[in-house]
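Here's the structure, in structure tokens; my notes come after.
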Amino acid sequence: MSIIVHPEVQKLKDRLAELIYEHENLISHLCPLIERRYVLEFGIYEYELYLLEFDISKLKRKLQLMRMEINHENKIDLEKIDNILSEEFEEYEQQLKAQIEEINYLKSTEIKQLSDEDSRKLKKIYRILIKKLHPDLNPNQRFYEKNMFLRATKAFQNGDLSDLEALLALTDDGEIEEESEIDDLKRLIGDFEEKIEKIKQDYPYNKKELLVDDEKGRQYKNMLVELIHDRQDDIKKLEKEIDDLNVKYSKT
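All the letters of the sequence shown, read from the start, carry residue numbers 69 to 320 under my numbering.
Spelled out as structure tokens, the structure:
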């Protein structure tokens, strides 16, 4: 027997279902796509800039160690200094390695893309399954229904339309509704609105504007290129200073 649901409760449930879908879509589809595009378009410039700034820090530290030797009236031992630098900057070198590995991985892989029609089907079915199976909308659901929702979420994340269609066929068509407290629904709506807002404020979603606004994207890329040239000039000056000191104070 179906239970008559208060109109406000149904309205709140519909709103919550949309927020749950938006949250999962951001995490599983939009943000990974944004990150991939951002890294491939700007990441190599950011990596080069980070690498140059790393080299500058290392050269400045090298100069500092050389001057310490000079102040102590010692001859400069470059091998000893280079060993010290290798130990001090080992962690940063690992970070650089991880960063370039991520860029290379994204270059070599492609995200599976559904056709527009299949993508619409995927989203439509997932919205239906959210209403039928999500624990926040169905607090009294059975254990196997919870497992079905986990499977549905995984299928949505993977873009597996056939699995979602199978799960939809397995769900009960009966529209039996359970009474829900309006305050609980409002609280859940507030929670998901906060989660969504946080995602949109953080990386990678906060880089979306650079991808959709061509002019801002060009300006940002030009800024990175200009900074790269500046850092390259800084490195040349530091290297010359190191060479001059080495010629004058190194061990013979």
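Glycine included, C-beta positions come from ideal geometry on N, C-alpha and C.
This structure is a prediction, so every number in the text was calculated from the model and none was measured.
C-alpha gap between residue i and residue j, whole angstroms
i, j, result
"Lys222", "Pro203", "15 Å"
"Val107", "Tyr273", "12 Å"
"Asp228", "Leu190", "8 Å"
"Glu159", "Gln181", "37 Å"
"Pro75", "Thr239", "24 Å"
"Lys175", "Asn226", "20 Å"
"Gln132", "Lys304", "17 Å"
"Leu101", "Phe110", "14 Å"
"Gln162", "Glu156", "12 Å"
"Asp186", "Arg210", "30 Å"
"Ser183", "His97", "14 Å"
"Leu292", "Asp282", "15 Å"
"Arg299", "Leu201", "55 Å"
"Pro207", "Lys268", "28 Å"
"Lys284", "Glu294", "15 Å"
"Asp231", "Arg255", "32 Å"
"Ser154", "Arg129", "11 Å"
"Asp150", "Ile257", "57 Å"
"Asn290", "His297", "11 Å"
"Leu120", "Leu164", "11 Å"
"Ile171", "Arg104", "9 Å"
"Asp301", "Arg286", "23 Å"
"His140", "Lys148", "15 Å"
"Ile244", "Ala237", "Note that Ile244 scores 39 on pLDDT, short of 50, meaning its location in the model is unreliable; the coordinates nonetheless yield the value given after this. Going by the C-alpha atoms only, they are around 17 Å apart."
"Met136", "Glu169", "36 Å"
"Gly99", "Leu117", "Just to set this straight, residue 99 is Cys in the shown sequence, not Gly. Distance between the alpha carbons of Cys99 and Leu117: 24 Å."
"Glu92", "Phe122", "37 Å"
"Ser248", "Lys266", "Confidence is the limiting factor: at Ser248 the pLDDT is only 45, short of 50, which leaves the residue's position unreliable, though a coordinate-based value still follows. Roughly 27 Å between the two C-alpha positions."
"Glu233", "Leu205", "21 Å"
"Asp311", "Glu262", "56 Å"
"Asn142", "Tyr173", "47 Å"
Beta-carbon separation (whole angstroms), residue i vs residue j, contact threshold 8 Å
i, j, result
"Phe260", "Ile88", "6 Å"
"Ile144", "Met134", "5 Å"
"Leu279", "Tyr288", "Incorrect: roughly 10 Å between the Cβ atoms, too far for contact."
"Ile198", "Leu94", "With 8 Å as the limit, Ile198 and Leu94 do not qualify as a contact, their Cβ atoms being about 14 Å apart."
"Val77", "Ile196", "Incorrect: roughly 19 Å between the Cβ atoms, too far for contact."
"Leu146", "Asn314", "7 Å"
"Tyr115", "Gln167", "6 Å"
"Ile138", "Tyr317", "5 Å"
"Leu253", "Leu80", "4 Å"
Paired residues, beta bridge with residue i - DSSP
i, result
"Ile144", "Ser318"
Residue i, buried or exposed, once every other Cβ within 10 Å from all chains shown has been counted against 16
i, result
"Lys192", "exposed"
"Arg188", "exposed"
"Tyr271", "exposed"
"Tyr194", "buried"
Does the structure place the stretch 77-84 close enough to the stretch 208-222 that three or more beta carbon pairs sit under 8 Å?
No, because fewer than three Cβ pairs between the stretch 208-222 and the stretch 77-84 fall closer than 8 Å, the two stretches do not touch.
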